[in-house]
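Under my numbering, think of the first position of the sequence shown as 475, with each following residue one higher.
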Amino acid sequence: MEIVVFGAGSLGSLVGGLLARNHDVTLVAREAHASAIRESGLRLEGAVDGPPCVSPAATTDGTGLEADLVVVTVKSFDTAVAADRLATGSIEAVLSLQNGMGNETTLATQLEAPVLAGTATYGAILQEPGVVECTGRGEIVLGPRDGGSSALAEQVGEAFLAAGLETTVADDMPRRLWEKLAVNAGINPVTALTATENGAVLAEPATALARAATRETARVARACDVSLSNREALAAMEAVAEATAANTSSMAQDVVAEQRTEIDAINGYVVERAAKNGLEVPTNRTLTALIRTWERGRGLR
Ligand code: KPL
């Protein structure tokens, strides 16, 4: 398959690097990362099996691309721009592997190709341009964005499995996306605000805060007709925090790098949907306000 990974930061570089062992992969990345890959290839470190060096193509220009599959891994606030660029090319299928809600709808509105939804709990860090480290083996779940099954989802799932990525093809992606949102709503802002690793949310005092954010998210999911109990959401959040205990969440990485976070598409989305359904979500509201205040203080919004 000809595969483009659009937004090759940490997760995109890990996924793209592994897929490059069996497929013709192009990474759309920032200038320094793209030129390091063009010069010396991409080095895969940490919890990955197989040869450590791969040679995908790398570019900074996301326009006019041709691909059988585009894996979109940009931050949620860049999805509309990514979709605009992708619309100038020729693409057979798209998979969103992003945090937060609303990404698939943005892509599907602007592109003619079928859009699959996906979630990922792999831990990855871009150590330096041209070097990505897998800091924790997680799972990728993907499937049609409205639920159900499709031959395309099966084909993409097989390619991911063959690349050594733990992958499940699911027929209930709307529910899976809410479950992942509940995981991220609990882990990401709490670890970002306290400069801790994911495992911190398993112990007091952070656990009460993370659990409250996750429970509120499950309640909003149910108000949106998605069957997600508090118990299921909490079990998912705790399982991810345990499996990735030593990892730094993407939002904590953003804060360290003084970059804009995905708060709007995670806790901000929960607050928005709660308001539409007449629900109070005080913990998500507080976490959203704190992260937005931090972003404003650094001129990031
Ligand atoms: O998705 C993640 C993130 O960091 O954004 C988790 C699952 C919390 C893994 O770190």
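Where a beta carbon is used, it is the ideal one built from N, C-alpha and C, also for glycine.
Residue i CB to nearest heavy atom of the ligand KPL below 7 Å
i	result
residue 548	no
residue 606	no
residue 545	no
residue 724	yes
residue 496	no
residue 741	no
residue 592	no
residue 758	no
residue 704	no
residue 658	yes
residue 662	yes
residue 735	no
residue 718	yes
residue 714	yes
residue 574	no
residue 751	no
residue 577	no
Sequence-distant residues of the same chain with beta carbon closer than 7 Å to residue i, five excluded per side
i	result
residue 624	618
residue 726	665, 666, 669
residue 523	638
Collapsed DSSP secondary structure at residue i in the structure displayed
i	result
residue 694	helix
residue 498	strand
residue 648	helix
residue 487	helix
residue 657	helix
residue 629	helix
residue 590	strand
residue 761	helix
Closest Cα partner of residue i within the set the options
i	options	result
residue 675	753, 721, 505, 587	721
residue 634	517, 571, 739, 759	571
residue 713	661, 479, 503, 485	661
residue 700	650, 687, 529, 526	650
residue 709	534, 759, 656, 694	656
residue 565	751, 588, 737, 697	588
residue 501	539, 761, 592, 519	539
residue 537	483, 767, 479, 652	479
residue 716	671, 504, 499	671
residue 706	723, 719, 685	685
6 Å Cβ shell around residue i - same chain, five flanking residues per side excluded
i	result
residue 689	704
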